[in-house]
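Protein chains in written order, with my numbering: chain F, 133 to 239; chain V, 7 to 120.
Just so it is clear, CB atoms sit at the ideal spot from N, CA and C, and this is done for glycine as well.
First comes the structure, then the notes that go with it.
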């Protein structure tokens, strides 16, 4: 069963526009959720985790248990945000990754 | 970079041959993982190991094998039984405390089988 769903494979926004990358999860326990990012020619790396409740590079993500969502948001997109973004769920034994969203920020 | 390394970066093999991908970490992490990354499919877990001399199958373990004889090393063998082995393979490691730990990823190995 798909535990993490990212409905958008591709997302394009203009520089300065708000951006939202969607993530929904399916898990009966208490979820631990993360966003990972992969910039061109770089390794996959952690962007942020829900438990930290922090803003990284202007991005935030709020866990909504009622909607089982963990959408990633940024109010003003920058060209350097263009990358592949993965939402991930940690169940304690495994990480489950979504299929990823490729974000392109148009200058 | 350092931390977690994978070698080689590119690997070419003929169909029918087994091939072993290397993954080493110096982060003193207990847990290590192997993923396969295909376009449009995200990361899919092949095998994982939470402690030395122990490992479990992930979602797509068929045609793969692993060993975990040392804490630092978690090699993956792609056997000839793997029907579609050409892919990008990612190794990761993490601590094993609680559930708030993150995974650290290697740079990946791109395997091409012809």
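Residue pairing for residue 44 of chain V: DSSP places it in a beta bridge opposite V:48. Comparing alpha-carbon positions, the option among V:34, V:93, V:41 and V:76 lying closest to residue 101 of chain V turns out to be V:34.
Under the 10 Å beta carbon count, residue 164 of chain F is surrounded by 16 or more other beta carbons and is classified as buried. Interface residue (Cβ-Cβ distance to chain F less than 9 Å): residue 50 of chain V is classified as such. Inclusion of residue 155 of chain F and residue 201 of chain F in the CB contact set at 9 Å is warranted, their separation being smaller than that value. Taking 8 Å as the Cβ-Cβ cut-off, the region 174-185 of chain F approaches chain V at 175, 176, 177, 178, 181 and 183, given in chain order.
Bridge pairing for residue 164 of chain F: F:222 [DSSP]. The contact set of residue 47 of chain V on chain F, defined by CB atoms closer than 8 Å, consists of 231 in chain order. Residues of chain F with a Cβ closer than 8 Å to the Cβ of residue 68 of chain V do not exist, since the nearest Cβ in that chain sits about 17 Å away.
Non-local C-beta neighbours of residue 67 of chain V in its own chain, meaning closer than 7 Å and more than five positions away in sequence, comprise 52 and 53, ordered along the chain.
At least one C-beta of chain F is nearer than 9 Å to the C-beta of residue 64 of chain V.
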